[in-house]
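> Structure below; questions to follow.
Residue numbers (my numbering), protein chains in the order written: chain G, 15 to 97; chain B, 17 to 258.
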């Protein structure tokens, strides 16, 4: 199973990096841009005999809550695909 | 009769860089002794207070303190904290304590997006902790900060319960002791520099008291009161038990 995890600053918490980028875009002529947030992508592969997509989903959710994201300051989302 | 020295443990993670300073700071107190606790060990060596030092544990990979939080020694530190043991996290140690869930909130990138290294003025907001018992309420401490992710944040509900429980221990203020623009080095919510847990035995702060323990050196001595408070608290507990 191929997994892609998206970690972004939690909604409602100021993202200093995103704010800095947002302030610089108008200088390049890109106007009307808002809501810039900078996060990270984590790719990983899970290999296990008989692993169902559902079980992989549960496992990745657990990984996100325990380590890959910090739910106090970050939101996460992920996709699981066979491969 | 003089009591036996209070035993401090200083955790050493790969990437810790204030471990030796913390060890040295403790050693400047005749009433205290320090020993290192290696991250791969689980034995706390019968220490009476644990310091998680500053630095860049595990290279700050993923998030500051995120990997350190799962090291073998931290499982023992968590057990120690949950049974009432005194734990102080300084800078990266504070980040590790919030990652471990031992302290509320989180620490994100400084609003200025720069590593800050300068003196700050801290106001002691409560003396009702084992870490500030030797201070006066409202007292100012001049201590250095040196960090990139010291911007404390917490949700509004948790913040109000922290205020109600008197868990905000230190705030960044100006030289006159007032919260002010420019006094806060990192954008921390409500100028928060240090917090404790509800049980008051776990404390985290971004500034470095271990660099302010010796007269005649640039750092001054304002950090001494925090270490002295811990020593006093351990001795009081020992008296109650004996």
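Where is the CB? At the ideal position from N, CA and C, for every residue including glycine.
1) At a Cβ threshold of 7 Å, is residue 148/B touching chain G?
2) Going residue by residue through the stretch 177-243 of chain B, where are the continuous beta strand (DSSP E) segments of at least 3 residues, counting only ones entirely within it?
3) Beta strand (DSSP E) containing residue 25/B: first to last residue?
4) So what does DSSP say about residue 82/B, is it helix, strand or coil?
5) Determine the direct distance from the alpha carbon of residue 106/B to that of residue 48/G, and round the result to whole angstroms.
6) Here's a check: name, in chain order, each residue in its chain whose Cβ is nearer than 7 Å to the Cβ of residue 27/G, leaving out the five neighbours to either side.
7) When we look at the beta-carbon of residue 77/B and count the other beta-carbons within 10 Å, is it buried (16 or more) or exposed?
8) Determine the direct distance from the alpha carbon of residue 109/B to that of residue 17/B, and round the result to whole angstroms.
9) Counting only the same chain and skipping the five closest in sequence on each side, list residues whose C-beta sits under 7 Å from that of residue 53/G.
10) For chain B, is any of its Cβ atoms less than 7 Å away from the one on residue 52/G?
11) So, with DSSP's three-state summary, where would you put residue 22/G?
12) Give a yes or no on whether the minimum CB-CB distance between residue 91/G and chain B is below 7 Å.
13) From the DSSP output, which residues share a beta bridge with residue 251/B?
14) Can you round the beta-carbon distance between residue 33/B and residue 75/B to whole angstroms, since I take them to be within the 8 Å contact cut?
15) Return the chain-ordered list of same chain residues with a C-beta closer than 7 Å to the C-beta of residue 85/G, the five sequence neighbours on each side being excluded.
16) Does the stretch 198-205 of chain B touch the stretch 61-76 of chain G, meaning 3 or more C-beta pairs lie closer than 8 Å?
17) Using a Cβ-Cβ cutoff of 9 Å, what residues of the stretch 25-50 of chain G are near chain B? List them in chain order.
18) Going by C-alpha distance, which of 43/B, 222/B, 238/B and 68/B is nearest residue 30/B?
19) Pairs of beta-carbons, one from the stretch 182-193 of chain B and one from the stretch 206-214 of chain B, closer than 8 Å: are there three or more?
20) Once you ignore the five residues that flank residue 135/B on each side, which residues in its own chain have a CB closer than 6 Å to its CB?
21) Decide yes or no for the touch test of the stretch 113-120 of chain B against the stretch 38-56 of chain B: beta carbon pairs closer than 8 Å, at least 3 of them.
22) If you follow the alpha helix (DSSP H) that residue 96/B is part of, which residue opens it and which one closes it?
23) Can you give me, in chain order, the residues of the stretch 157-169 of chain B that have a beta carbon less than 8 Å from any beta carbon in chain G?
24) Does DSSP put residue 66/G in a helix, in a strand, or in coil?
25) For the beta strand (DSSP E) that contains residue 105/B, what are its first and last residues?
Here's the rundown:
1) Sequence index remark: in the second chain, residue 148/B carries index 132 (1-based). Under the 7 Å criterion on CB atoms, residue 148/B is classed as non-interfacial with respect to chain G.
2) 184-189, 208-212 and 218-221
3) Your numbering for residue 25/B matches position 9 in the second chain. Run containing residue 25/B: 22-28, per the beta strand (DSSP E) assignment.
4) Taking the second chain and counting its residues from 1, the one referred to as residue 82/B is at position 66. It is coil, neither helix nor strand.
5) Here residue 48/G is taken as the residue at index 34 of the first chain, counted from 1. Here residue 106/B is taken as the residue at index 90 of the second chain, counted from 1. One C-alpha to the other measures close to 36 Å.
6) As a position in the first chain, residue 27/G is number 13, starting the count at 1. Exclusion of the five residues before and after residue 27/G leaves 87 as the residues of its chain whose Cβ lies within less than 7 Å of its Cβ.
7) Here residue 77/B refers to the residue found at position 61 of the second chain. Burial call: exposed.
8) The residue you call residue 17/B lines up with position 1 of the second chain. The residue you call residue 109/B lines up with position 93 of the second chain. Residue confidence for residue 17/B is low, a pLDDT of 47 falling below 50, so the modelled location carries little weight; the figure read from the coordinates is stated next. A direct Cα-Cα distance of roughly 35 Å separates residue 17/B from residue 109/B.
9) One-based indexing of the first chain puts residue 53/G at position 39. Once the five neighbours on either side are set aside, the close Cβ partners of residue 53/G are 20, 21, 22 and 23.
10) For the purposes of this step, residue 52/G is identified with residue 38 of the first chain, where counting begins at 1. No - not a single Cβ of chain B is within 7 Å of the one on residue 52/G.
11) Within the first chain, the letter at position 8 stands for residue 22/G. In the structure shown, residue 22/G falls within a strand segment according to DSSP collapsed to helix, strand and coil.
12) For this step, residue 91/G is matched to residue 77 along the first chain. False, the Cβ-Cβ gap to chain B never drops below 7 Å.
13) Translated into positions along the second chain, residue 251/B becomes position 235. Answer is none; residue 251/B lacks a bridge partner.
14) Reading the second chain from its first residue, position 17 is the one you call residue 33/B. Reading the second chain from its first residue, position 59 is the one you call residue 75/B. Not confirmed; about 12 Å, so no contact.
15) Against the first chain, residue 85/G aligns to sequence position 71. Only 79 meet the Cβ criterion.
16) no
17) Under the 9 Å Cβ criterion, the stretch 25-50 of chain G contributes 26, 27, 28, 29, 30, 31, 33 and 34.
18) For the purposes of this step, residue 30/B is identified with residue 14 of the second chain, where counting begins at 1. Closest by alpha carbon: 68/B.
19) yes
20) The count along the second chain starts at 1 and reaches residue 135/B at position 119. 158 and 160.
21) Note that the stretch 113-120 of chain B does not touch the stretch 38-56 of chain B; fewer than 3 beta-carbon pairs, one per stretch, sit closer than 8 Å.
22) Locating residue 96/B in the second chain gives position 80, counting from the first residue. Counting along the chain, the alpha helix (DSSP H) containing residue 96/B begins and ends at 88-98.
23) 167 and 169
24) By one-based count along the first chain, residue 66/G stands at place 52. Coil at residue 66/G, not helix or strand.
25) Within the second chain, the letter at position 89 stands for residue 105/B. Here the beta strand (DSSP E) through residue 105/B covers 102-106.
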